[in-house]
Every structure is written in C-alpha cells, then in structure tokens.
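Those letters in the sequence shown? Residues 209 to 576, by our numbering. Each residue gets a CB set at the ideal place from its N, CA and C atoms; glycine is no exception. Right, one structure below, let's go through it.
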Amino acid sequence: MKIDSITIYTIIMNLKRPFRTSFGVQKTREIVLTKLQSGDQSGWGESVTDTGPWYSPETNNSVTYIIKKFIGPWLKGEKEIEHPKDFTSIVSKIRGNPMAKACVEDALWDLYGKIKGKSLSQLLGGVKNKIPSGISLGIENDFSLLLQKIEYAIRKKYKRVKIKIEPGWDVEIVKQIREQFPDLGLMVDANAAYSLKDAEIFKKLDKYDLMMIEQPLHYKDIVEHSKLQKMISTPICLDESIKSFDDAKHAIEMDATRIINVKPSRVGGINETLEIHKLAEEYKVPLWVGGMLETGIGRAKNVAVASMKNFTLPNDISESERYFTEYIIDPIFKLDFNGELSVPKENGIGINVLQKKIRELAISEEKI
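And the structure:
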C-alpha cells in the first residue's frame, strides 16, 4: 500500500439522551475521524478521545496534532506498506498517544482489507458470525427510569446489563435491581471512582451475584486492585488500567484482574489488541470489547475484534440506534432476535461510510 493522502475530519453528533458516568454528563460527541486514500481505495478510522482529558490524557486536539505533525507525514513518506502490522515500527518513536495511533492504524487495517478483498474479521482470524451484545446504563437521577431501561434491555435480549456506579449510588441500587431482576446478567462499572478504603462497599456487593466489578479503583492502582481481589469473590475486570500489552501482563500476573475489558483504541490499536488476545488465551483470562460511544466506524472495528476466539463475554457494543440520532454508515448495526450483532462479511470494516453525511456534520476537514 502507498498512502496518497490522509484526511482528518472533526464532526459533532447528537446523542439521543444524556449519558452520565462518574466522569460527567455528555449530550453530544465531538469525534475525530481519519480517511486514508490509496489509489481508488480508502480506509477509515475513528478516535475515541473527547474534547478534554477526562478519560485519557489524550484529547481530540492532541490526536489531530499528532496525526498532522508526525503520523500522517511519516505514513505518506513510506514507499510501500506491506501490512498494517508494519505501522507499529513506523510510529515507534512516538511515546504514548495510543488513541492517536489507533485512529490511523484502524484506517490502515480497513484499507488493507479492501485492497486484499478480505473482511477485517477474516484478517484477524475471527471465528464468529455473530457476537453477543451487552448494554451499558449510565447513572440516573430517577431510579424508576433506570428500571425502565433495564426492562428495555431485557426485551431487546441484551446478554448482560452494566450499571455505572459511584459513591452514594452503589450497594442499595444494586440490591434493588437484583431484587427485581434475580436472573439478570448484571455487572457494575465504577470508572475508578473508589479507593481501597471503600473495600466494605465491594464486600457488600459480593452477595448480589455480579458477573464482575469493572475498574473499581484508580487506573494506576494495580497493586491495590490485587489487594481488593483477595478480599472479594466477584471477579475484578480492569478497563482504564489496561493501556498496553505490558499493563495486561502485569495485571494478570498480580491477580489484579480476572477479566479484561479491551478497548482497542485505548491500547493503541488492533496490533496491540492481537497481542493482548494471545496473552489472555495463554492465561485463560476471558475478554470482552468495551465501547466508547463510537460511531458506526469504530463500532464496525469493535465487532470484528469481538469475533476473535477469546472474546467470550458479552461486549459493550450496542446497536447503532441506541446512542445517536443520525448515522454515518450504511447499513447500521441492529440487534437480532437473540440479542446479537452480525459480523460484517464485506471487505475491510464491512460497511459503507457516508462521506456526504460526514461533511455535513464536520466542523473541520484537514488534508495531509
């Protein structure tokens, strides 16, 4: 592949309803997209960053800068890129910035699939035609509204429900949910809102048969997570703490995580995700793909990743209609009667990107 041009779009999309976590409330999403052009073929990538450094030190502005200043010119300077795995060495001088790297690397995988006539799932060795979908529900001011959303999830046959928690919105909420839905596949996500001093809260949660507790402590607290896991029987699932293969290996070997939420963009892209997948298979640690309010472009990538063998738990990949009021892909992702999403079989990420719609939503467009 010879990269002829790289276009960076920044778009704004409206959410159907506000989404609240311990980080704050979102009503819209500002999203950075990349388009790689090689001859008459193009590949698309998406950044999962936000306007500020809430979830990650990276932001939309930092991603755009890193791509414009470094990644873009370096890619265009390559005479020939034989495989997307070559991307790792091309950007090896850049420390950190995994989401900026992933935004371009994902587009490279999409482009490669289109050139080779293979779907992304095929390229990754995917073994599933359908992937189980879970749903993530934010913190609500009105508990009855949360119950309505759980009932909706059950009707749609989502394979599990994830509830966001924070201090003051935890044990009693889970208790009431479990009383009303005793057989529900249920997990909680703290988004690092607690410390080890709050261990009693997690001991109390033990009695409610949760599938896992996601990221209870600060993202740097691998040792503390290991200590907490020894105090409770519910598996800890790390999310924000896992930013690379090395993080995953360290956490597994310390028994700080018994399940991993892999967000491909957070770990630097598909190449690093493949290494984590091998590691998890070796240690028999189950994986699932986490969502970051992606558009259909990022969602298509995530579905392909989730088709790999060791992604055995329901994923945070909802149908397209769940979050946004309009779409930049066709066809959109829809749940089937069994609460599953079909893995695209077409080349690359397997969906049509609506470039006209992207330009309508764009607040900036820059070509390298």
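*Does any C-beta atom of chain C lie closer than 7 Å to the C-beta of Ser297?*
Although the question refers to chain C, the structure presented lacks it and comprises just one protein chain.
*Is Arg530 buried or exposed, if buried means 16 or more other CB atoms sit within 10 Å of its CB?*
Buried, since its Cβ has 16 or more Cβ neighbours within 10 Å.
*Thinking C-alpha only, which one of His291, Gly393, Glu359 is nearest Arg368?*
Of the listed residues, the one whose Cα sits closest to Arg368 is Gly393.
_Please list the terminal residues of the continuous beta strand (DSSP E) segment that includes Asn469._
For Asn469, the enclosing beta strand (DSSP E) stretches over residues 467 to 470.
*asked:* As an exercise, report each continuous beta strand (DSSP E) stretch of at least 3 residues that is fully enclosed by the segment 354 to 404, in chain order.
replied: Counting only runs of 3 or more, we get 369 to 372, 394 to 397.
*Expressed to the nearest angstrom, what Euclidean distance is found between the alpha-carbon atoms of Glu266 and Pro306?*
Going by the C-alpha atoms only, they are around 8 Å apart.
*Check the C-beta distance from Ala407 over to Leu446 and give it rounded, since I have them as a contact under 8 Å.*
The pair is not a contact, with the Cβ atoms about 17 Å apart (cut-off 8 Å).
*Taking just the CA atoms, how far does Ala514 sit from Trp496?*
Roughly 7 Å between the two C-alpha positions.
_Lys372 versus Ile450, Ile421, Glu502, residue with shortest Cα-Cα distance_ = The shortest CA-to-CA distance from Lys372 to any of Ile450, Ile421, Glu502 is the one to Ile421.
*8 Å contact criterion, which Val271 and Ala308 should meet: CB distance rounded*: For Val271 against Ala308, the beta-carbon gap comes to about 4 Å, under 8 Å, which counts as contact.
*So, helix, strand or coil for Pro281, using DSSP?*
Here Pro281 sits in helix by DSSP.
*Just the C-alpha distance for Leu353 and Tyr360, rounded to the nearest angstrom, thanks.*
In a straight line, the C-alpha of Leu353 is about 11 Å away from that of Tyr360.
*Sort Asn337, Leu482, Lys210, Tyr416 by Cα distance to Gly247 and report the nearest one.*
Nearest of Asn337, Leu482, Lys210, Tyr416 to Gly247, Cα basis: Lys210.
*Where do the N-terminal and C-terminal ends of the alpha helix (DSSP H) with Val475 fall, by residue?*
Element bounds for Val475: n/a, residue is neither H nor E.
*Measure the C-alpha to C-alpha separation of Gly342 and Lys287 and round it to an integer number of angstroms.*
Their backbone Cα atoms lie some 43 Å apart in a straight line.
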